[in-house]
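Protein chains in written order, with our numbering: chain A, 1 to 407; chain B, 408 to 814. Below is one structure, written out as structure tokens; comments come after it.
Right, here's the structure in full:
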């Protein structure tokens, strides 16, 4: 009541960003997560989160460096974590980075937020794969970015469309502030970009005089095939900013991610980040955990998620009516499902909810709300024994819809 | 080298914010903190940080709620911490808040950053006490705010100047987006705002149709006298946003603070904060620690900081040449020193550094760089036995400067 009477007073004080934002936060009611068979969010398997290891790492970090772990920290991040990340990046990703190339962030979310703060003024143009990570979709929206949508096909970013769109922008005198892409097990399509496509994408970005933001959140979670080189490692022109995170391995609750990029950009981002250090306590704990515990933990995770992916693919085969297609990801958390035209995944969601399952309607993953007949399934969170039931519920509702339409 | 060759390419892509920011981050080389006798930062006493208690709280939180503590969290913050904060606020501050009034933030830094994102477009006007918290000074600068500086006198915000400045703005059709004030043990002056002044400030803010941001970072650390009511509790018009933090009690490394305000604003801030939950792991640990451990810990801290304040005041009496004045704070971390005109605290700092001490030059605390003959001393971080030496070093350098000038 009171909130309503005074809201006009408040409204007059709001910024463009606050007026633009949808007042419904992305993550709400998290305490209730898991009441349905949930294929919605890219949440790690709860049972696999390494609580005991984190407990031991915390005890050690606090005993050895408690005064630093509970104090303010460097804006760039705790140097011990930066060094642990440098080792991990060199070993796993083949990325050789100096300290000044790295910025520790509060997950990929703060990373994308900082990049937007540093690169985008209201109304500026960016280019991004669409569909893409819904956190990025919302973040682009909140800062008033003009988003040029680039489709994703079976080899990754559709570079033909990208090149055409960039030429069109150039004819208007516009250089987009960056191109955003997720080369491995793309969120939400599950597609992995081919090596040739990575090289082509980099060439196009360089020729356009812009930056590539390479979001590699799912790198560690490959279930089939060999790793492909990070685009960052193909570049010698400081045109790529590489994003990574501990959210899919150690746990999202740590809120720790990182950027690797040109020192000239990293230093600006570090200065913009007036934050007393990112999550200093968590960073000290992660620095303790990372060197010895990451790889064995990732091995365990791969087994869990590979199994769940296969369960979900089998359930899709078993239950989905003809005319429905889906992607087969080599890693990550997501399968992208396309229904025949006419199916509205947002409209059928309440019925699926009522029957006890949930997914992410496709339009959520597009800046322009397209993809009405598509949806994203995450196979990371629901338990093995729930997967078949959940897929059956979705398939049944879709089948009824299709029958309805045929009549 | 490479960074330089490509920096023009990068420069063309930067936002207004990134072009505005000083490329030197606020907190750099934190791992080296404490090499000199340091009166620079508002850092808690390292020996008082409750590492053992945090270790125990972590073990408990992870054992009982590890799956939630390591998972994504609500954008508004972990509900268990919000409830613990509601109890603390009601008990200590007399602030009665519902869950929807509260947003958990990564310290006061994220709180002020979010408020700026939600209220200030580039070039918008705000009003703030000056001198003030240097984190706020930098944050205001980074978003291109036009800052109207309001002095602080012995009763707090100079409301006569504020009223005159607001009238002047009104004559230009400008409503400032907010007024920023620190009523308790102000950073950097140490001044506590009188009750009458709090009421006057609120009346002026309301009449102007703007918001008051009441930053109460040091509330828990009062060494003399009785608590005065938070301005938030004097208001029934949803015109006040109240900021608090665990940085000065549990420890800055936790990176946890909070905002209390009108739900209509809190919900916007929550939605703008696309961050997967603020520091979820730390929030679960803090929720475990806060209910039983805060008050006894604060008692211990008060004893330490009261003693250090008194040591510093005695050292100032003992060493400072005539004509130097300083404030006597009832709480918090800071003493504000004013030298005779002609003394340049920034210019004399390198010499003080060389002799083994450091402080914060006054101009750092002003949006317009004024206060050349002033400096901030923090008595929280240096050890008891260092304080006299450190003050003597500063006094000696200042005395030599004054002599030089007299010649």
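Note that beta-carbon positions come from the ideal geometry of N, C-alpha and C, so glycine has one too. A quick note: this is a predicted structure, and the numbers were derived from the prediction, not measured.
Nearest-angstrom Cα separation, counted from residue j out to residue i
i, j, result
"residue 703(B)", "residue 656(B)", "11 Å"
"residue 412(B)", "residue 101(A)", "Interpretation of residue 412(B) is limited by its pLDDT of 37, a score under 50 that renders its predicted location unreliable; the figure taken from the coordinates is listed afterwards. Each residue's alpha carbon lies about 16 Å from the other."
"residue 529(B)", "residue 551(B)", "5 Å"
"residue 409(B)", "residue 261(A)", "Residue placement at residue 409(B) is flagged as unreliable, the pLDDT there being 37, under the threshold of 50; the coordinate-derived value follows with that caveat. Whole-angstrom Cα-Cα distance: 12 Å."
"residue 257(A)", "residue 105(A)", "5 Å"
"residue 360(A)", "residue 561(B)", "57 Å"
"residue 741(B)", "residue 130(A)", "51 Å"
"residue 634(B)", "residue 10(A)", "30 Å"
"residue 406(A)", "residue 374(A)", "19 Å"
"residue 736(B)", "residue 542(B)", "20 Å"
"residue 576(B)", "residue 566(B)", "15 Å"
"residue 624(B)", "residue 354(A)", "46 Å"
"residue 242(A)", "residue 645(B)", "43 Å"
"residue 578(B)", "residue 585(B)", "17 Å"
"residue 423(B)", "residue 527(B)", "13 Å"
"residue 57(A)", "residue 281(A)", "11 Å"
"residue 115(A)", "residue 141(A)", "14 Å"
"residue 807(B)", "residue 728(B)", "10 Å"
"residue 151(A)", "residue 352(A)", "28 Å"
Short Cβ contact (8 Å threshold) for residue i with residue j
i, j, result
"residue 573(B)", "residue 615(B)", "yes"
"residue 357(A)", "residue 393(A)", "yes"
"residue 516(B)", "residue 276(A)", "yes"
"residue 661(B)", "residue 693(B)", "yes"
"residue 681(B)", "residue 107(A)", "no"
"residue 618(B)", "residue 13(A)", "yes"
"residue 388(A)", "residue 308(A)", "no"
"residue 323(A)", "residue 350(A)", "no"
"residue 429(B)", "residue 773(B)", "no"
"residue 469(B)", "residue 47(A)", "no"
"residue 701(B)", "residue 71(A)", "no"
"residue 37(A)", "residue 362(A)", "no"
Within chain A, partners of residue i - CB distance below 8 Å
i, result
"residue 556(B)", "Ordered by position in chain A, no residue passes the 8 Å Cβ test against residue 556(B), which lies about 19 Å from the chain."
"residue 442(B)", "Within chain A, no residue comes near residue 442(B); the closest Cβ sits about 14 Å away, beyond 8 Å."
"residue 717(B)", "By Cβ distance, chain A contributes nothing, its closest Cβ being about 24 Å from residue 717(B), past 8 Å."
"residue 517(B)", "275"
"residue 453(B)", "67, 71"
"residue 617(B)", "13"
"residue 514(B)", "275, 276"
Residue nearest to residue i in terms of C-alpha spacing, selected from the options
i, options, result
"residue 82(A)", "43(A), 132(A), 177(A), 259(A)", "259(A)"
"residue 174(A)", "388(A), 212(A), 126(A), 118(A)", "126(A)"
"residue 734(B)", "744(B), 726(B), 727(B), 725(B)", "744(B)"
"residue 473(B)", "576(B), 690(B), 650(B), 592(B)", "690(B)"
"residue 590(B)", "627(B), 773(B), 750(B)", "627(B)"
"residue 408(A)", "95(A), 97(A), 180(A)", "Beyond the ends of chain A as shown, which are 1 and 407, falls residue 408(A); an answer cannot be given."
"residue 787(B)", "448(B), 481(B), 732(B), 720(B)", "448(B)"
"residue 709(B)", "500(B), 755(B), 738(B)", "738(B)"
"residue 35(A)", "382(A), 139(A), 404(A)", "382(A)"
"residue 310(A)", "342(A), 272(A), 377(A), 371(A)", "377(A)"
"residue 304(A)", "246(A), 45(A), 151(A), 89(A)", "45(A)"
"residue 372(A)", "342(A), 298(A), 395(A), 200(A)", "342(A)"
"residue 563(B)", "553(B), 621(B), 506(B), 554(B)", "621(B)"
Contacts that residue i makes with chain A (C-beta to C-beta distance below 9 Å)
i, result
"residue 469(B)", "51, 52, 54, 55, 58"
"residue 626(B)", "Within chain A, no residue comes near residue 626(B); the closest Cβ sits about 18 Å away, beyond 9 Å."
Contact test: residue i Cβ vs the ligand ATP heavy atom, cutoff 7 Å
i, result
"residue 570(B)", "With respect to small molecules bound, the structure shown includes none, and the ligand ATP cannot be examined in it."
Within chain A, the residues that residue i reaches when beta carbons sit closer than 7 Å
i, result
"residue 888(B)", "Within the shown structure, residues of chain B are numbered from 408 to 814, placing residue 888(B) beyond reach of any answer."
"residue 689(B)", "279, 281, 282"
"residue 824(B)", "Limits of chain B in this structure are 408 at one end and 814 at the other, which puts residue 824(B) out of reach."
Beta-carbon neighbours of residue i, restricted to chain B and to distances below 9 Å
i, result
"residue 138(A)", "678, 681"
"residue 86(A)", "Chain B residues near residue 86(A): none, gap ~16 Å exceeds 9 Å."
Chain-ordered chain B contacts of residue i [CB-CB under 8 Å]
i, result
"residue 367(A)", "The premise fails here: residue 367(A) is roughly 14 Å from chain B at the closest Cβ pair, so nothing lies under 8 Å."
"residue 244(A)", "Under the 8 Å cutoff, chain B gives no residues; its nearest Cβ is about 15 Å from residue 244(A)."
Where residue i meets chain B, residues with beta-carbon distance less than 7 Å
i, result
"residue 135(A)", "681"
*What residues from the region 7-19 of chain A come within 8 Å of chain B, judged by C-beta to C-beta, listed N to C?*
7, 9, 10, 12, 13, 14, 15, 16, 17, 18
*Proximal residues, the region 578-594 of chain B versus chain A, C-beta separation under 8 Å*: 582, 584, 585
*What residues from the region 632-647 of chain B come within 7 Å of chain A, judged by C-beta to C-beta, listed N to C?*
644, 645
_Residues of the region 111-126 of chain A in Cβ contact with chain B at a cutoff of 9 Å, in chain order, please._
112, 113, 116, 117, 118, 119, 120, 121, 122, 124
*asked:* Short of 9 Å Cβ to Cβ, which residues in the region 321-344 of chain A face chain B?
replied: none
*Can you give me, in chain order, the residues of the region 666-677 of chain B that have a beta carbon less than 9 Å from any beta carbon in chain A?*
669, 670, 671, 672, 674, 675, 676, 677
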